[in-house]
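Enquirer: I'd like to ask you about the structure that follows.
2 protein chains.
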Amino acid sequence: MNIISVKDLAILIKEERKARGWTQLELAERSGVSRDWIIALEQAKPSVELALVLRTLKALNLPLAINPASQPTEGAINLNDILNQTRQRGHESQ
Amino acid sequence: MNIISVKDLAILIKEERKARGWTQLELAERSGVSRDWIIALEQAKPSVELALVLRTLKALNLPLAINPASQPTEGAINLNDILNQTRQRGHESQ
DNA sequence: ATCAAATATTGACGAACGACTACATTTAGC
DNA sequence: GCTAAATGTAGTCGTTCGTCAATATTTGAT
Numbered sequence: 001m002n003i004i005s006v007k008d009l010a011i012l013i014k015e016e017r018k019a020r021g022w023t024q025l026e027l028a029e030r031s032g033v034s035r036d037w038i039i040a041l042e043q044a045k046p047s048v049e050l051a052l053v054l055r056t057l058k059a060l061n062l063p064l065a066i067n068p069a070s071q072p073t074e075g076a077i078n079l080n081d082i083l084n085q086t087r088q089r090g091h092e093s094q
Numbered sequence: 095m096n097i098i099s100v101k102d103l104a105i106l107i108k109e110e111r112k113a114r115g116w117t118q119l120e121l122a123e124r125s126g127v128s129r130d131w132i133i134a135l136e137q138a139k140p141s142v143e144l145a146l147v148l149r150t151l152k153a154l155n156l157p158l159a160i161n162p163a164s165q166p167t168e169g170a171i172n173l174n175d176i177l178n179q180t181r182q183r184g185h186e187s188q
């Protein structure tokens, strides 16, 4: 599942917690955070600390992954990168 | 790539930013955060706000994903879940 | 080596965090 | 319905966030 908003994350975590039959308190203790914080997270509070989120995902055995979009076939030429780099400041024209 | 620590995330973001030839200021503006915050993120500060992280990933076109470990074949019986639910409190044997 | 850009550090400040306590509300079994 | 557990809300408190401004320090091209 792709996580584009905090709400996505919140829903996923809540579902996984329930799937395991855990209460919020149980998840909180397993994650090493307060029950308040779990509530905030499941309510999609945008400002939750990243490290605590990672701890919670770990407690739930939910692996977080990122696929670097530009995985450009080892050694391939990436036109975008080159353009960006020359554009960056007036290396040539301008 | 799997993200298990804030440091993983920090490294990935820094690399992607450089791959695009962006400065910290450039990434900050595109993400709608301060340059200070980008610095903190790239230095793996554990307490960065989740929402800002998501914004930054979006600016970099880095999609975040989670695969619910237990993807139990639609309709299948998950013994672990059942056990957890009965264990949860003394429904039967205490 | 020089010079400018990029990156990092520091201090100040208002705002908000996360933990805790206590209380209210909702949910689920009997 | 009744009851207890689970979930949510409100208030307080110490701490730290994220932003800004100013100042090092590092990096990279010439």
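Protein chains in written order, with the numbering used here: chain A, 1 to 94; chain B, 95 to 188.
Ideal Cβ positions, reconstructed from N, Cα and C, are used throughout, including at glycine.
Values in this document were obtained by computation on a predicted structure and should not be read as measured data.
What in chain B is Cβ-close to A:V53, meaning under 8 Å?
Expert: Taking the first sequence and counting its residues from 1, the one referred to as residue 53 of chain A is at position 53. Chain B residues near A:V53: L144.
Enquirer: Three or more C-beta pairs under 8 Å: does that hold for the stretch 5-12 of chain A against the stretch 30-50 of chain A?
Expert: Output reads yes: the stretch 30-50 of chain A touches the stretch 5-12 of chain A.
Enquirer: Quick check: the stretch 22-36 of chain A against the stretch 122-130 of chain B, are at least 3 beta-carbon pairs closer than 8 Å?
Expert: No, because fewer than three Cβ pairs between the stretch 122-130 of chain B and the stretch 22-36 of chain A fall closer than 8 Å, the two stretches do not touch.
Enquirer: Tell me, please, whether the CB atom of B:K108 is closer than 8 Å to any CB atom in chain A?
Expert: Start at 1 with the first residue of the second sequence, and residue 108 of chain B comes out as number 14. False, the Cβ-Cβ gap to chain A never drops below 8 Å.
Enquirer: Buried or exposed: A:E25, going by 16 or more other Cβ atoms within 10 Å of its Cβ?
Expert: Within the first sequence, residue 25 of chain A is the residue found at index 25, counting from 1. The sequence given here has Leu at residue 25 of chain A, not Glu. Exposed, since its Cβ has fewer than 16 Cβ neighbours within 10 Å.
Enquirer: According to DSSP, simplified to helix, strand and coil, what is B:A159?
Expert: To locate residue 159 of chain B, count along the second sequence from 1; it is residue 65. Reduced to three states, the DSSP call for B:A159 is strand.
Enquirer: Quick one: complete beta strand (DSSP E) runs, 3+ long, within the stretch 95-168 of chain B?
Expert: Listed in chain order, the complete beta strand (DSSP E) runs (minimum 3 residues) inside the stretch 95-168 of chain B are 158-160.
Enquirer: Quick check on B:E110: buried or exposed, where buried means 16 or more other Cβ atoms within 10 Å of its Cβ?
Expert: Against the second sequence, residue 110 of chain B aligns to sequence position 16. So B:E110 counts as buried.
Enquirer: B:I160: buried (16+ other C-beta within 10 angstroms of its C-beta) or exposed?
Expert: In the second sequence, residue 160 of chain B corresponds to position 66, counting from 1. Looking at its Cβ environment, which holds 16 or more other Cβ atoms inside 10 Å, B:I160 is buried.
Enquirer: Measure the alpha-carbon distance for B:L121 versus B:N96 and round it to whole angstroms.
Expert: Here residue 121 of chain B is taken as the residue at index 27 of the second sequence, counted from 1. Here residue 96 of chain B is taken as the residue at index 2 of the second sequence, counted from 1. Each residue's alpha carbon lies about 23 Å from the other.
Enquirer: Using beta carbons (cut-off 8 Å, strictly below), is A:A28 in contact with chain B?
Expert: For the purposes of this step, residue 28 of chain A is taken as the residue at position 28 of the first sequence. Judged by the 8 Å Cβ criterion, A:A28 is not in contact with chain B.
Enquirer: I need the straight-line Cα distance from B:R162 to A:T56, nearest angstrom please.
Expert: For this step, residue 162 of chain B is matched to residue 68 along the second sequence. For this step, residue 56 of chain A is matched to residue 56 along the first sequence. One detail in the question is off: residue 162 of chain B reads as Pro in this sequence, not Arg. Using only the alpha carbons, I get a separation of about 13 Å.
Enquirer: Buried or exposed for A:Q94, going by 16 or more other Cβ atoms inside 10 Å?
Expert: Position 94 of the first sequence, counted from the first residue, corresponds to residue 94 of chain A. With a pLDDT of 20 at A:Q94, under the threshold of 50, the modelled position of that residue is not reliable, and the figure given next carries that caveat. Exposed, by the Cβ-count rule.
Enquirer: Does the beta carbon of A:S5 come closer than 8 Å to any beta carbon on chain B?
Expert: Stepping through the first sequence from its first residue, residue 5 of chain A is reached at position 5. True, the Cβ-Cβ gap to chain B drops below 8 Å.
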